[in-house]
Amino acid sequence: GEDVEQSLFLSVREGDSSVINCTYTDSSSTYLYWYKQEPGAGLQLLTYIFSNMDMKQDQRLTVLLNKKDKHLSLRIADTQTGDSAIYFCAENGNTGGFKTIFGAGTRLFVKA
Amino acid sequence: DAGVIQSPRHEVTEMGQEVTLRCKPISGHNSLFWYRQTMMRGLELLIYFNNNVPIDDSGMPEDRFSAKMPNASFSTLKIQPSEPRDSAVYFCASSLGQDNEQFFGPGTRLTVL
Chain A
202 GEDVEQSLFL
212 SVREGDSSVI
222 NCTYTDSSST
232 YLYWYKQEPG
242 AGLQLLTYIF
252 SNMDMKQDQR
262 LTVLLNKKDK
272 HLSLRIADTQ
282 TGDSAIYFCA
292 ENGNTGGFKT
302 IFGAGTRLFV
312 KA
Chain B
18 DAGVIQSPRH
28 EVTEMGQEVT
38 LRCKPISGHN
48 SLFWYRQTMM
58 RGLELLIYFN
68 NNVPIDDSGM
78 PEDRFSAKMP
88 NASFSTLKIQ
98 PSEPRDSAVY
108 FCASSLGQDN
118 EQFFGPGTRL
128 TVL
């Protein structure tokens with residue numbers, strides 16, 4: 202079935218850039234999402250990219266999509282301690298029924 | 018809007034007891050999702066409903082787990098009997114359409130002793 206994979210942990214120093222990577226299997230994806238989960242809270246949509254785009258930039262966030270390789274990344278420039286959270290990659294597609302599939306989440310640690 | 022509401026926020030119970038988790042989705046949303054989150058396994062989709070009808074329950078771990086959605090504004094996830102390995106944070110999410118942005122509740126942290 203469809204699958205979304207991402208590494209579980211990433212550690213960076215404050216001020217550096219963070220790059221969180223994700224791979225997915227469903228080639229019918231229409232949208233790909235990044236959700237953020239802060240400690241003790243539910244997930245919230247951070248940004249998304251339409252499947253016919255290669256890149257989307259939103260302030261410190263840059264989303265890159267390589268549709269051929271089914272690879273999605275989220276770059277956070279000038280990472281701050283407040284960016285410490287779990288970041289989830291998600292995709293929606295119609296393989297096996299139209300629904301959103303989430304990765305397990307990447308826990309970002311930002312060291313001061 | 019108050020967002021997705023879940024209750025209780027925390028539940029501590031003993032092995033073998035029945036546990037019922039509750040969710041009120043955002044008014045007007047027609048899709049509802051139940052997830053489980055643990056450190057070891059990350060976020061797992063348990064079941065989702067569309068227009069109150071269960072569409073995919075393939076993520077429900079065992080027959081001990083059951084979920085209902087009697088109307089558009091309420092859903093329950095029941096575990097009977099509960100086991101220590103069920104300890105996790107359980108999230109409910111809702112959306113307008115099953116493939117659109119999902120709005121998550123604050124979660125219920127379940128501890129089974």
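Chains as they are written, first to last, in our numbering: chain A, 202 to 313; chain B, 18 to 130. In this text, a Cβ means the ideal position worked out from N, Cα and C, and glycines have one as well. Since this is a predicted model, take the numbers as computed values, not measurements.
By DSSP's criteria, residue i is part of a beta bridge. Which residues make up the other side?
i, result
"S92 (chain B)", "B:C40"
"I130 (chain B)", "In the sequence as displayed, the identity of residue 130 (chain B) is Leu instead of Ile. The partner list for L130 (chain B) (beta bridge, DSSP) is empty, contrary to what the question assumes."
"S274 (chain A)", "A:N222, A:L265"
"P71 (chain B)", "B:F66"
"N293 (chain A)", "A:T301"
"L60 (chain B)", "B:Q54"
"S48 (chain B)", "B:N67, B:S112"
"A132 (chain B)", "This structure cannot settle anything about residue 132 (chain B), because the visible part of chain B is limited to 18 through 130."
"S24 (chain B)", "B:R39"
"D259 (chain A)", "A:L262"
"L246 (chain A)", "A:Y236"
"E100 (chain B)", "Paired residues: none, contrary to the question."
"A84 (chain B)", "B:L94"
"S212 (chain A)", "A:F310"
"E31 (chain B)", "According to DSSP, E31 (chain B) bridges with nothing at all."
"A286 (chain A)", "A:L309"
Hey, out of the options, whose CA is closest to residue i's CA?
i, options, result
"L113 (chain B)", "B:Q34, B:D103, B:N68, B:R53", "B:N68"
"T307 (chain A)", "A:I221, A:D217, A:R214", "A:I221"
"R58 (chain B)", "A:F210, A:G283, A:R276", "A:F210"
"G45 (chain B)", "B:A89, B:G33, B:V70", "B:A89"
"F310 (chain A)", "A:D284, A:G304, A:F251", "A:D284"
"R214 (chain A)", "A:E239, A:E292, A:Y234, A:T282", "A:T282"
"S82 (chain B)", "B:P25, B:K41, B:G33, B:I22", "Inspection of the sequence shows that residue 82 (chain B) is occupied by Phe rather than by Ser. Comparing Cα positions, the closest option is B:G33."
"Q207 (chain A)", "A:H272, A:T280, A:I277", "A:H272"
"Y107 (chain B)", "B:K95, B:S75, B:N47, B:F66", "B:K95"
"R102 (chain B)", "B:F66, B:P42, B:S111, B:E79", "B:E79"
"Y249 (chain A)", "A:G294, A:L233, A:Q258", "A:L233"
"A305 (chain A)", "A:Q238, A:N253, A:G216", "A:Q238"
"V205 (chain A)", "A:K312, A:G216, A:C290, A:R276", "A:C290"
"D270 (chain A)", "A:I287, A:D255, A:Q260", "A:D255"
"F303 (chain A)", "A:Y288, A:K268, A:K312", "A:Y288"
"N253 (chain A)", "A:K268, A:D259, A:I277, A:S219", "A:K268"
"Q119 (chain B)", "A:K312, A:A313, A:E292", "A:E292"
"L38 (chain B)", "B:D116, B:N117, B:Q115, B:S104", "B:S104"
"C223 (chain A)", "A:T231, A:Q258, A:R276, A:K257", "A:R276"
"F50 (chain B)", "A:T301, A:Q260, A:S212", "A:T301"
"G216 (chain A)", "A:A278, A:A286, A:Q260", "A:A278"
What whole-angstrom Cβ distance do residue i and residue j have, given they're in contact under 8 Å?
i, j, result
"M86 (chain B)", "L63 (chain B)", "13 Å between Cβ atoms; not a contact."
"S274 (chain A)", "L265 (chain A)", "5 Å"
"A84 (chain B)", "P71 (chain B)", "7 Å"
"V36 (chain B)", "C109 (chain B)", "Rounded, the Cβ-Cβ distance is 14 Å, inconsistent with contact."
"S219 (chain A)", "T280 (chain A)", "5 Å"
Any C-beta of chain C sitting closer than 7 Å to the C-beta of residue i?
i, result
"G59 (chain B)", "Structure shown: chain C not included; protein chains present are A and B."
Practice task
Report yes or no: do three or more beta-carbon pairs, one from the stretch 123-130 of chain B and one from the stretch 19-32 of chain B, lie closer than 8 Å?
Solution key: yes
Exercise for the section: Could you run through the stretch 238-254 of chain A and flag, in chain order, every residue whose CB is less than 9 Å away from some CB of chain B? Expected result: Among the residues of the stretch 238-254 of chain A, those with a Cβ less than 9 Å away from any Cβ of chain B are Q238, G241, A242, G243, L244, Q245, L246, Y249, in the order of the chain.
Practice task
Kindly confirm or deny that the stretch 230-245 of chain A and the stretch 106-126 of chain B touch, where touching means at least three C-beta pairs closer than 8 Å.
Solution key: yes
Problem - Any 3 or more C-beta pairs closer than 8 Å across the stretch 221-231 of chain A and the stretch 89-102 of chain B - result: no
Practice task
For the stretch 113-127 of chain B, enumerate the residues whose C-beta is nearer than 7 Å to any C-beta of chain A, in chain order.
Solution key: Q115, D116, E118, Q119, F121, G122, P123, G124
Exercise for the section: Name, going along the chain, the residues of the stretch 277-309 of chain A whose beta-carbon falls closer than 7 Å to a beta-carbon of chain B. Expected result: Taking 7 Å as the Cβ-Cβ cut-off against chain B, the residues of the stretch 277-309 of chain A that qualify are F289, N293, G298, F299, K300, T301, F303, A305, G306.
Practice task
Would you list, in chain order, the members of the stretch 72-103 of chain B that have their beta-carbon closer than 9 Å to a beta-carbon of chain A?
Solution key: I72, D73, S75
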